[in-house]
Amino acid sequence: MIKFFRKIRQNLLLEGQTGKYFKYAIGEIVLVVIGILIALSINNWNEQRKENNNEQAILQRLEQEFLSNREQLLNKIQLRNNLIENCGRLLAYFDTPENAQRDSILVYLSSIQPPTFDPIQNDLVSSGNIEILKDEELKQLLVNWSTDVIQLQEVERIFLRFCEQRFFPYLNEVDIQRDIAYTHWEDAPKNLLESKQIENLIPGKSKLT
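This is how it looks when you write it as structure tokens:
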């Protein structure tokens with residue numbers, strides 16, 4: 000089409016019809032502009048389609064990750080609740096030692112383990128790809144989630160240090176680890192409940208749960 004207009008312009012110029020020449024020149028310019036606009040529209044459509052595809056892929060990945068995280072979190076919450084309950088039962092034995100049972104004490108002690116939470120974390124926030132998502136509320140939730148995980152893991156590190164530096168060493172000191180394997184130590188309830196040190200080390204007494 001442009002070649003056709005150019006040929007006409009050349010003929011008009013040779014014939015001295017400058018008025019028509021400029022009209023055709025303007026028509027040629029309009030065609031060029033229209034062509035550019037069409038190309039830009041197609042390019043923008045392709046880019047939009049790519050962004051939509053990227054967003055859908057990210058959303059699908061997020062769904063899978065958070066379903067896995069939810070399952071792990073529910074499991075850790077249950078472990079933590081069991082830990083708190085068992086610590087409460089142990090502390091109750093110090094008030095009523097006559098009700099203490101050897102096997103129960105050892106089971107409760109063995110349940111005191113740091114329930115670490117290690118979720119799958121995407122790199123959307125750190126990489127900046129979070130801007131691909133159109134849902135502003137979802138973006139804010141993802142930012143908050145990253146912060147919440149950091150805070151939770153810091154609490155877990157504090158509890159882990161407590162167990163590694165104080166609680167577990169004391170159990171080894173009084174040889175309870177061996178007795179958890181159900182060897183001899185028939186006086187375990189009496190000896191253990193007479194120890195104020197172990198009472199103070201039980202999580203909950205130290206307000207770590």
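Start counting the sequence shown at 0; every next residue gets the next number (numbering that gives the first Met the number 0).
Cβ atoms here follow ideal geometry from the backbone N, Cα and C, with glycine treated the same way.
Everything numeric in this text was worked out from a predicted model, so none of it was measured.
With distances taken between CA atoms, I131 lies nearest to N51 out of R79, N51, R88, Q63. Listed in chain order, the non-local C-beta contacts of L159 below 8 Å within the same chain comprise P113, T115, local neighbours out to five positions each way being set aside. Counting only runs of 3+ residues, no beta strand (DSSP E) is found wholly inside the segment 95-134.
The residues P118, I119, in chain order, have a CB closer than 7 Å to that of N68 in the same chain once the five nearest residues on each side in sequence are set aside. Between S126 and T146, the alpha-carbon positions lie close to 16 Å from each other. The C-alpha of C86 is placed about 15 Å away from the C-alpha of N98. Between the beta-carbon of V142 and that of V124 there is about 6 Å, and that keeps the pair under the 8 Å contact cut. Using a Cβ distance threshold of 9 Å, Y92 and I111 do not count as a contacting pair.
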